[in-house]
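In numbering that gives the first Met the number 0, the protein residues as written are 0 to 143.
These notes concern the structure reproduced below.
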Amino acid sequence: MARLQIFLAALWWGSITTVGFMVVPMLFMNLETPAIAGQMAGKLFSAQTWLAVACGVLLLLAAKRQNLSQTHAPSPWVISGMLLALLIELAVKPHIMARDNLALWHNLGSAFYVLQWLCAGKVLWALSPMKPEPAIAADSAQTD
Numbered sequence: 000m001a002r003l004q005i006f007l008a009a010l011w012w013g014s015i016t017t018v019g020f021m022v023v024p025m026l027f028m029n030l031e032t033p034a035i036a037g038q039m040a041g042k043l044f045s046a047q048t049w050l051a052v053a054c055g056v057l058l059l060l061a062a063k064r065q066n067l068s069q070t071h072a073p074s075p076w077v078i079s080g081m082l083l084a085l086l087i088e089l090a091v092k093p094h095i096m097a098r099d100n101l102a103l104w105h106n107l108g109s110a111f112y113v114l115q116w117l118c119a120g121k122v123l124w125a126l127s128p129m130k131p132e133p134a135i136a137a138d139s140a141q142t143d
């Protein structure tokens, strides 16, 4: 179950990173017009939202099944990340699509996206086990 949780957290964080910080900027650099790039970016961000929600729900179910203690449960970060994803999709995106005060809504959406990325990163960090590196462990064993 722990490996599944790490996989889900890595999928969530990695997809946010790939879509938002690599693919979408490349769309704006390589497509003919910003309008075409914006339409495609909107579709990618929608897909990202539903992937985030699916990963979040599965992470919450796995944590509940595992009965993690409050200190080890990533639930607040998962819920926060999911809420941010849904806010972008359901509250921010309609304003951007309507070109309603575009700068404000685009900046707000970008801020929410970065916050979602941080939440997913915190979840991944919390679920990843800390193991000493073999070289460091071997060096410390020789000096003792």
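By construction, the Cβ of each residue, glycine as well, lies at the ideal position given by its N, Cα and C atoms.
Here the structure is a predicted model, which means the values were calculated and not measured.
Legend entry - 8 Å CB neighbourhood of Val-85 in its chain, flanking five on each side removed: Within the sequence shown, numbered from 1, the residue matching residue 85 stands at position 86. What sits at residue 85 in the sequence shown is Leu, not Val. For Leu-85, where only same-chain residues beyond five positions count, the Cβ hits under 8 Å are Thr-48 and Val-52.
Legend entry - Buried/exposed call for Ala-40, threshold 16 Cβ in 10 Å: On the sequence shown, residue 40 is found 41 positions in, with the first residue counted as 1. Buried.
Legend entry - Close beta carbons around Leu-123, own chain, < 7 Å, minus the five adjacent residues each side: Position 124 of the sequence shown, counting from 1, holds the residue named residue 123. Excluding residues within five positions, the ones whose Cβ falls inside 7 Å are Ala-8, Ala-9 and Trp-12.
Inset, instruction - Give the single residue among Leu-114, Lys-92 and Gln-4 whose Cα lies nearest to the Cα of Trp-104. - result: Counting from one through the sequence shown, the residue named residue 104 turns up at place 105. Of the listed residues, the one whose Cα sits closest to Trp-104 is Lys-92.
Inset, instruction - State buried or exposed for Glu-88, treating a residue as buried only when at least 16 other CB atoms are found within 10 Å of its CB. - result: Mapped onto the sequence shown, residue 88 falls at position 89. Classification for Glu-88: buried.
Inset, instruction - Can you grab the Cα-Cα spacing for the pair Leu-126 / Ser-79, in whole Å? - result: Translated into positions along the sequence shown, residue 126 becomes position 127. Translated into positions along the sequence shown, residue 79 becomes position 80. Roughly 16 Å between the two C-alpha positions.
Inset, instruction - Whole angstroms is fine: what's the gap from Met-129's alpha carbon to Asn-100's? - result: Taking the first residue of the sequence shown as position 1, residue 129 is located at position 130. Taking the first residue of the sequence shown as position 1, residue 100 is located at position 101. For Met-129 and Asn-100, the distance between alpha carbons rounds to 45 Å.
Legend entry - Beta-carbon proximity list for Val-18, same chain, < 6 Å, skipping 5 on both sides: Looking up residue 18 in the sequence shown gives position 19. Leu-43 and Gln-47.
Legend entry - Within 7 Å, strictly: CB atoms of Trp-116 and Ile-15: Stepping through the sequence shown from its first residue, residue 116 is reached at position 117. Stepping through the sequence shown from its first residue, residue 15 is reached at position 16. Yes, the Cβ-Cβ distance between Trp-116 and Ile-15 is below 7 Å.
Inset, instruction - For the alpha helix (DSSP H) containing Ser-14, list its first residue and its last residue. - result: Indexing the sequence shown from 1 puts residue 14 at position 15. That run of the alpha helix (DSSP H) goes 1–17.
Inset, instruction - Compare the C-alpha of Leu-3 against each of Gly-55, Leu-114, Val-113 and Glu-31 and name the closest. - result: Locating residue 3 in the sequence shown gives position 4, where the first residue counts as 1. For the residues Gly-55, Leu-114, Val-113 and Glu-31, the minimum Cα distance to Leu-3 belongs to Gly-55.
Inset, instruction - Compute the Euclidean distance between the alpha carbons of Ala-102 and Leu-50, then round it to the nearest angstrom. - result: Along the sequence shown, one-based indexing puts residue 102 at 103. Along the sequence shown, one-based indexing puts residue 50 at 51. Rounded to the nearest angstrom, the gap between the Cα atoms of Ala-102 and Leu-50 is 26 Å.
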